[in-house]
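> Its first residue numbered 1275, the sequence shown is counted upward by one per residue in the numbering used here.
The C-beta atom is built at its ideal place from N, Cα and C for all residues, glycine as well.
Please read these numbers as outputs of a predicted model, since none were measured by experiment.
The structure under discussion is supplied below as structure tokens; questions concerning it will follow.
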Amino acid sequence: MNQYLSLSQEVKDSQAAGKPIVALESTIISHGMPYPQNVETARAVEQLIRDEGAVPATIALMDGKIKIGLSDEELEALGNSTDVAKASRRDLPYLLATKKTGATTVAATMICASLADIKVFATGGIGGVHRGAETTMDISADLEELAQTNVAVVCAGAKSILDLGLTLEYLETKGVPVIGYQTDVLPAFYTRTSPFPVNFQADDIATIAGTLKAKADLNMTGGAVIANPIPEAHAMPEADITAVIHTALQEAQANNVTGKDVTPFLLAKVKELTDGKSLEANIALVKNNAIVGAQLAVQLNAMNG
Ligand code: PSU
Ligand code: MN
């Protein structure tokens, strides 16, 4: 076992008993949603995973350890603090060495999940190629991680704060399969559709599990994107969200926001400009992804059992 890994008792017991586990990220808690909805959502998501017969493992950096599975107090501490670093791949070693608290992004959560031998991870949306990346070179480390780390990421696609077309091109170059769950187009987080086709449509969880098993059996490196559209009842009108994203992008540029601050800045602006409606959608889609992630972990576990 890696010296930096610290598994909760529940995760340890579940692994020993061969139970399915679903990894969860923590940047969504510390930098993606406001308090207290962030902590409430994190708890609700864990419960939904249990209801499906899997075990949740929320991941964060604390006291020089990679925590796999957080206690209620740890979740609260993470969600109700302004002093939590956003931890992507490059931040992991420094934050562990200095024993700072870090909330893991999709990239960092994939690394940690993989170290703990967890194969399925549920979240809201992945990072990607930003609009204007041809001059800013702003491309999320999430994509490079998907290229090399063998964890399936269940998400609601990616927000159209990103260039979705270039994000798909990047994933294609890196050989990362993008599987639409009951959809043939990439969902755009708040909306169920985008103009961009996914690589494969899977209408049932077994097809996704079978694809992941074949990939693992072939010893192919890299992850997979499982794109699960937001439930219809919670989807936002396309025109509303397009206008809001346009304004958010302009404000980011006017304020010279760069580097790791870009995504949290845009997320906060979108929330502000939609009067919190985007937050409601965000919560609904994360819960939906947790359910699909748990079902996938259960099936994958049964196939490998
Ligand atoms: N997209 C969202 N919500 C989020 C994030 C992305 O809709 O909370 C977070 C995830 O943790 C993702 C990270 O991994 O932002 C990407 O940040 P960056 O673009 O700096 O790599
Ligand atoms: Mn970036």
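(1) If you draw a straight line from the alpha carbon of Asp1365 to that of Leu1540, how long is it in whole angstroms?
(2) Assign Gly1402 to one of two classes, buried (16 or more other C-beta atoms within 10 Å of its C-beta) or exposed (fewer than that).
(3) Looking at the unbroken alpha helix (DSSP H) that takes in Phe1539, where does it start and where does it end?
(4) Relative to the alpha-carbon of Ala1542, which residue among Thr1467, Leu1460, Ile1435 has its alpha-carbon at the smallest distance?
(5) What does DSSP give as the partner residue(s) for Thr1332 in the beta ladder?
(6) Does the segment 1406-1413 come within contact of the segment 1560-1572, defined as at least 3 CB pairs closer than 8 Å?
(7) Would you mind reading off the limits of the beta strand (DSSP E) that contains Gly1439?
(8) Grab the span of the alpha helix (DSSP H) containing Val1380 for me, first residue to last.
(9) Buried or exposed for His1404, going by 16 or more other Cβ atoms inside 10 Å?
(10) Given that a residue counts as buried once 16 or more other Cβ atoms are within 10 Å of its Cβ, and exposed if not, what is Ala1432?
(11) If you draw a straight line from the C-alpha of Val1394 to the C-alpha of Asp1549, how long is it?
(12) Counting C-beta neighbours from all protein chains within 10 Å, is the total for Ser1468 16 or more, i.e. buried, or is it exposed?
(13) Taking the runs of the alpha helix (DSSP H) that are 4 residues or longer, which of them lie wholly in the segment 1394-1463?
(14) Go ahead and label Leu1279 buried or exposed: buried means 16 or more other beta carbons lie within 10 angstroms of its beta carbon, across all protein chains shown.
(15) Determine whether the beta carbon atoms of Thr1375 and Val1358 lie at a separation below 8 Å.
(16) Which residue marks the beginning of the beta strand (DSSP E) containing Ala1476, and which one marks its end?
(17) Let me check one thing: in DSSP terms, what residues is Ser1468 bridge-paired to?
(18) Would you mind reading off the limits of the alpha helix (DSSP H) that contains Leu1601?
(19) Would you call the segment 1322-1335 in contact with the segment 1286-1297, where contact means no fewer than 3 C-beta pairs closer than 8 Å?
(20) Under the criterion of a Cβ to heavy atom distance below 7 Å, does Lys1433 qualify as lining the ligand MN?
(21) Short of 7 Å in beta carbon distance, which residues of its chain neighbour Gln1573, apart from the five on each side in sequence? Order them along the chain.
(22) State yes or no: is the C-beta of Ile1500 nearer than 7 Å to some heavy atom of the ligand PSU?
(23) Can you give the Cα-Cα distance for Ala1498 and Asp1514, rounded to whole angstroms?
(24) When the Cβ atoms of the segment 1525-1539 are set against those of the segment 1485-1492, are three or more pairs found closer than 8 Å?
(25) Evaluate Glu1320 with the Cβ neighbour count: other Cβ atoms within 10 Å of its Cβ, from every protein chain shown; 16 or more gives buried, anything less gives exposed.
(26) I want to check one thing, is the minimum distance from the CB of Ser1468 to the heavy atoms of the ligand PSU below 7 Å?
(27) Taking the alpha carbon of Phe1474 as the reference point, which residue from Gln1456, Leu1417, Ser1282, Ala1517 has its own alpha carbon closest?
(28) Between the beta-carbon of Leu1547 and the beta-carbon of Val1518, is there less than 8 Å?
(29) Please state if the CB of Ile1385 and the CB of Gly1353 are separated by a distance shorter than 8 Å.
(30) Classify Gly1533 as buried or exposed, calling it buried when 16 or more other Cβ atoms lie within 10 Å of its own Cβ.
Considering the structure as presented:
(1) 21 Å
(2) buried
(3) 1536-1547
(4) Ile1435
(5) Leu1298
(6) no
(7) Segment 1438-1447 is the alpha helix (DSSP H) holding Gly1439; no beta strand (DSSP E) there.
(8) 1380-1389
(9) buried
(10) buried
(11) 33 Å
(12) buried
(13) 1407-1410, 1415-1422, 1438-1447
(14) exposed
(15) yes
(16) 1474-1476
(17) The partner list for Ser1468 (beta bridge, DSSP) is empty, contrary to what the question assumes.
(18) In this structure the chain extends from 1275 to 1579, so residue 1601 is not present and cannot be described.
(19) yes
(20) no
(21) Ile1479, Ala1480, Ala1483
(22) no
(23) 30 Å
(24) no
(25) buried
(26) no
(27) Gln1456
(28) yes
(29) no
(30) exposed
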